[in-house]
Amino acid sequence: MTNVMDPRAEASDAVASRAEVCVVACADAFRDSGEMLASAFGTIPAIGVRLARETFSPDLLISDGESYLVRGAWPVGTPATGEVEAWAPFRTIFDLVWHGKRHVMMIPSQVDRYGNTNISAVGDYRRPKVQLLGVRGAPGNTVCHPTSYWVPRHSTRVFVPRVDMVSGVGNDRAAQAGPGASRYHDLRRVVTDLAVFDYHPEHGTLRVASVHPGVTVEQVQAATGFPLEAGDEVPQTRLPSAAELRLIREVLDPRGLRDREVAG
Amino acid sequence: MADKRMTAQDVVSRLTSGMTIGIGGWGSRRKPMALVREILRSDLRDLTVVTYGGPDVGLLCAAGKIRKLVFGFVSLDSIALDPHFRAARQAGAIEVVEYDEGMLQWGLYAAGLKLPFLPTRAGLGSDVLTHNPHLRTVADPYGGDEVVAMPPLHLDAALIHMNRADIHGNGQFLGPDPYFDDLYCMAAEQAYMSCEKILPTAELTAAAHPATLRINRLLVTGVVEAPNGAHFTSCTPDYDRDEDFQREYAGAAADPEAWQAFRDRYLAGSEADYQAAVAARCQEVSA
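These protein sequence lines map, in sequence, to chains A and B. If you read the first sequence in our numbering, its first letter stands for residue 4, the second for the next number, and so on. If you read the second sequence in our numbering, its first letter stands for residue 89, the second for the next number, and so on.
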């Protein structure tokens, strides 16, 4: 019997855009998280965590992007309007990072096959070709709590054989660095505009978990600068339910900011 | 009780080239910009700057004041990257010591507590350790995991900006986040605090909880009243970030002529001249 309370079970008549498929893929990364601080960078992950909380992960905690944890569902790109449930200035966030009840979704500039990521600098470190943000909290995040990534434009520029500056720690590097690094290291998903990835349980390497509607595994491989793990039957990323589409379109992103991040 | 009021020029006269200076705030939020601008007007050079970087770093880079940057990131928040900082890095003009942002906090805290190090997992497995070969790991004496021993980040001077202060050096934040300003002060030999407004001590808590008095006078060397002193970064609730001005600042990095024009208009004169130019710009925009 179909459980109508589960948004996955509802068939949707409306055609979902690629951006909307990405939103639910990001939301699904936060499924079954329980009470956990969900920190999302980027428009589509920000919609995704709010969608997850409105539907199947009601216990998630979400920041207003400044210093408060706020309940409710408000549109991306607008100030938070819900009830404040905690004061969380940066040093409280830092404490929660090391405590571990946080799942972050970051946007890497480079990713390798073991999930090492770079947000610091491209090229020679002493004189980079492209200076980026700096490592920010990526080294600590990745060795302390669950980490996922969002790549709005999947390409061989992002998915590289070797990242120039390991900011977020991948599975191989965490294992090599010993239990201090690996004990709480927990890479979860990589969501891109083409596909969803998890990691091979033994090899620790990126594995195609699903491809978005209209995308083939071959296309994903062609846009990736290293060999991907993929089973014989790679499923399609699930489509948003009608209820999810309504939430995305009417409540969480009425201005359609998601389409600026992923077109089509 | 000591009256610690001084001018921004007094502050800068106590700094010397080659010093290690910590700058409070975060990204493009509540930065001691009036004090930073006073450094731009000085002949100070070869500074080591320790900060969660914003336009303070970009301006100091553009003026050639920084020899070494100790940082976790440099961002303008609403503009992800600071183009002046990027230009300096991409020209190989500055040396960097890049830490995870939690490690930076730990370094300031270790200095403030006069500890040889504080342990952390952050950094393990990442290239933060590769590019900072001075970092060591330490075995847990109780048999647990080996972790990074984050060394103290001692500062010769700290510069911070608060919403309110009294003449004795008690400082108050009224916005949503104290950031790490108290830790910069604890880590420093001398700490200088600018503020929007100096008030009698009793007035600080007339309408605000005493927990907002984050900066204690025993940590502070000098207090500077600098209205609009965090401009163009945010200083809520007194004012938000001047996004329009920040766009002009970032855009002026595009070519040397544009930057020269920006400098001529805003950075050639005194702080009063700067504030007058900002006010005039504001009038133009709204006219």
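Backbone N, C-alpha and C define an ideal beta-carbon position, used for all residues, glycine too. Everything numeric in this text was worked out from a predicted model, so none of it was measured.
Check, Outcome
"Nearest to A:Thr33 by CA position, among A:Arg21, A:Ser20, A:His215 and A:Glu57, is which residue?", "Residue 33 of chain A is actually Phe in this sequence, not Thr. Minimum Cα distance to A:Phe33 is reached at A:Glu57."
"Taking only the alpha-carbon atoms, compute the straight-line gap between B:Asn251 and B:Leu287 and give it to the nearest angstrom.", "11 Å"
"Taking B:Gly213 and A:Arg176 to be in contact with their CB atoms under 8 Å, please state how far apart those CB atoms are, rounded to whole angstroms.", "4 Å"
"Given a cut-off of 7 Å, decide if B:Leu206 and B:Gly110 are closer than it, judged by their beta-carbon atoms.", "no"
"Could you check the C-alpha separation between A:Arg156 and A:His203 for me, to the nearest Å?", "23 Å"
"Compare the C-beta of A:Ala91 against all C-beta atoms of chain B and say whether one is closer than 7 Å.", "no"
"Which residues bound the alpha helix (DSSP H) around A:Val1?", "A question about residue 1 of chain A goes unanswered here, because the residues of chain A that appear run from 4 up to 267."
"Check distances from the C-beta atoms of the segment 191–225 of chain B to those of chain A and list, in chain order, the residues that come in under 8 Å.", "Met191, Gln193, Thr208, Arg209, Ala210, Gly211, Leu212, Gly213, Ser214, Asp215, Val216, Thr218, His219 and Thr225"
"So B:Ala199 packs on B:Ala275, CB below 8 Å; how close in whole Å?", "4 Å"
"Taking only beta-carbon atoms, is B:Pro264 less than 7 Å away from chain A?", "yes"
"Find the residues of chain A that neighbour B:Phe320, judging by a C-beta separation of less than 9 Å, and give them in chain order.", "Those within 9 Å of B:Phe320 in chain A number zero; the least Cβ separation is about 18 Å."
"Following the continuous alpha helix (DSSP H) through B:Glu359, name the residue where it begins and the one where it ends.", "Glu359 to Ser374"
"Judging by CA-CA distance, which residue of A:Thr159, A:Thr219, A:Ser244 and A:Ala245 is the nearest neighbour of A:Asp235?", "A:Thr219"
"With a cut-off of 8 Å on the beta carbons, I'd call B:Cys283 and B:Glu313 a contact; round off their distance for me.", "6 Å"
"Chain A beta carbons: is any one of them nearer than 7 Å to that of B:Gly180?", "yes"
"Within 10 angstroms of the Cβ of A:Val52, are there 16 or more other Cβ atoms? Answer buried if so, exposed if not.", "buried"
"Under the rule that 16 or more other beta-carbon atoms within 10 Å means buried, what is A:Pro238, buried or exposed?", "exposed"
"Would you please verify whether the beta carbon of B:Ser374 is less than 7 Å from any beta carbon of chain A?", "no"
"Below 8 Å on C-beta distance, what does A:Leu136 contact in chain B?", "Phe161, Val162, Ser163, Ala168 and Leu169"
"Are the beta-carbon atoms of A:Thr150 and A:Val107 separated by less than 7 Å?", "yes"
"Would you say A:Cys29 faces chain B, with C-beta separation under 7 Å as the test?", "no"
"I want to verify the contact list: residues of chain B whose CB lies under 8 Å from the CB of A:Pro142, in sequence order.", "Asp188, Met191, Ala210, Gly211, Leu212, Gly213, Ser214 and Val216"
"The alpha helix (DSSP H) with A:Thr46 in it runs from where to where?", "Thr46 to Glu57"
"Taking 8 Å as the cut-off, does the segment 248–264 of chain B touch the segment 302–319 of chain B (at least 3 CB pairs, one atom from each stretch)?", "yes"
"Is there a Cβ of chain B sitting closer than 7 Å to that of A:Glu13, yes or no?", "Because A:Glu13 carries a pLDDT of 49, less than 50, the predicted location of this residue cannot be relied on, and no value is offered for it."
"Just checking, does the segment 291–304 of chain B make contact with the segment 321–338 of chain B on the three C-beta pairs under 8 Å criterion?", "no"
"Is there a C-beta anywhere in chain A that falls below 7 Å from the one on B:Asp233?", "yes"
"Do we get a CB-CB distance below 7 Å when we pair B:Arg174 with the residues of chain A?", "yes"
"Counting only Cβ pairs nearer than 7 Å, list the residues of chain B close to A:Met168.", "Asp215"
"Which word fits B:Arg174, buried or exposed, when buried means at least 16 other C-beta atoms lie within 10 angstroms of its C-beta?", "buried"
"At a CB-CB cut-off below 9 Å, which residues of chain A make contact with B:Arg351?", "Here the premise fails: no neighbours, minimum Cβ distance about 22 Å."
"CA-CA distance, A:Met39 and B:Thr324?", "29 Å"
"Using a 10 Å radius around the Cβ and a threshold of 16 neighbouring Cβ atoms, would you call A:Pro142 buried or exposed?", "buried"
"Hey, B:Asp165 and B:Gly115: beta-carbon distance below 7 Å or not?", "yes"
"According to DSSP, is B:Asp98 part of a helix, a strand, or is it coil?", "helix"
"At 3 residues or longer, and completely inside the segment 224–268 of chain B: list those beta strand (DSSP E) runs for me, N to C.", "224–226, 235–238 and 243–253"
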